[in-house]
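Participant:
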Amino acid sequence: MPKIETSPLPKTSTLWRMVQPGDFIDGYAVESRLGPREAADIGLSMPKWASALLALRNRIVRPLGLKTEVSDTGEGAIFPVTYEDAQEMILGTDDTHLNFRICVRQEAGRIHMATWVHRNNWLGRIYLMVVMPFHILIVRDSMRRIARADTPAASAQTPH
77 MPKIETSPLP KTSTLWRMVQ PGDFIDGYAV ESRLGPREAA DIGLSMPKWA SALLALRNRI
137 VRPLGLKTEV SDTGEGAIFP VTYEDAQEMI LGTDDTHLNF RICVRQEAGR IHMATWVHRN
197 NWLGRIYLMV VMPFHILIVR DSMRRIARAD TPAASAQTPH
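Residue numbers (this note's numbering): 77 to 236.
(1) Who pairs with I101 in a beta bridge, going by DSSP?
(2) Assuming S121 and D226 make a contact with CB atoms under 8 Å, what is their CB distance in whole Å?
(3) For G120, does the three-state DSSP call read helix, strand or coil?
(4) Could you give the DSSP three-state label for S147: helix, strand or coil?
(5) Determine whether the beta carbon atoms of V193 and F176 lie at a separation below 8 Å.
(6) I'd like the list of long-range same chain contacts for T90, defined as Cβ closer than 7 Å, with 5 residues on each side in sequence excluded.
(7) On the criterion of 16 or more Cβ atoms from any shown chain inside 10 Å, does Q182 qualify as buried, or is it exposed?
(8) Classify R93: buried if its beta carbon has 16 or more other beta carbons within 10 angstroms, exposed otherwise.
(9) Quick one: grab the DSSP three-state call for L129.
(10) Please state if the CB of H188 and the CB of S83 are separated by a distance shorter than 8 Å.
(11) Under the three-state reduction of DSSP, which class applies to G152: helix, strand or coil?
(12) Between V157 and the rest of its own chain, which residues show a CB-CB distance below 6 Å, the 5 nearest in sequence each way excluded?
(13) Which residues in the same chain as P86 place their Cβ atom closer than 7 Å to its Cβ, once the five residues preceding and following it in sequence are excluded?
(14) Quick one: residues in its chain with C-beta nearer than 8 Å to the C-beta of L110, no 5 flanking neighbours on either side, listed in chain order?
(15) Leaving out the 5 sequence neighbours to the left and right, which residues in its chain are closer than 7 Å to A105 when beta-carbon positions are compared?
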């Protein structure tokens, strides 16, 4: 089983420029030689159970006017890329209730994944509180899949 560590996002990350006092930011890391885009592609390709949770979330929040589009591009996309370089990829969007970004960073042979959330109002505070248990499950599962994709057996089967 890959070892997933709770680990702060390295201070070299571009994401830190967005963080304000009182914002939520978490961080996880696994050993991996994958680049940030490849790790993001693996980590954000959700399994069926996570996709079902996202579909349920979309049905619940649609009447509240929150973003529900699941494409990678476009004005309303949930995970558009907002920054990318050789070491880091940042995805996310701003919405009425909260602004969020997911950062995937390769540093020192490890993939770091962090989620930053700035709550814009009371709905953002309630939303984050409700989704937090699911967020933790989804992120830890993403990190597990990233670590498994970079094992010697996976490397032998999948060209990098």
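Where a beta carbon is used, it is the ideal one built from N, C-alpha and C, also for glycine.
Facilitator: Quick look at the numbers:
(1) W192
(2) Here S121 is actually not in contact with D226; their C-beta atoms are around 15 Å apart, not less than 8 Å.
(3) Reading the sequence as shown, one finds Leu at residue 120 and not Gly. The answer is coil: DSSP assigns L120 none of H, G, I, E or B.
(4) The pLDDT assigned to S147 is 48, lower than 50, so where the model puts this residue is not dependable; a value taken from the coordinates is nonetheless given after this. Coil at S147, not helix or strand.
(5) yes
(6) So the qualifying residues of the chain are Y159, E164, I166.
(7) buried
(8) exposed
(9) helix
(10) yes
(11) With a pLDDT of 43 at G152, under the threshold of 50, the modelled position of that residue is not reliable, and the figure given next carries that caveat. Of the three classes helix, strand and coil, the one that applies to G152 here is coil, per DSSP.
(12) L167
(13) R181, E183, H188
(14) Taking C-beta separations shorter than 8 Å and ignoring five residues to either side along the sequence, the partners of L110 in its chain run I118, Q182, I187, I222, A225, D226, H236, following chain order.
(15) E81, S83, R186, I187, H188
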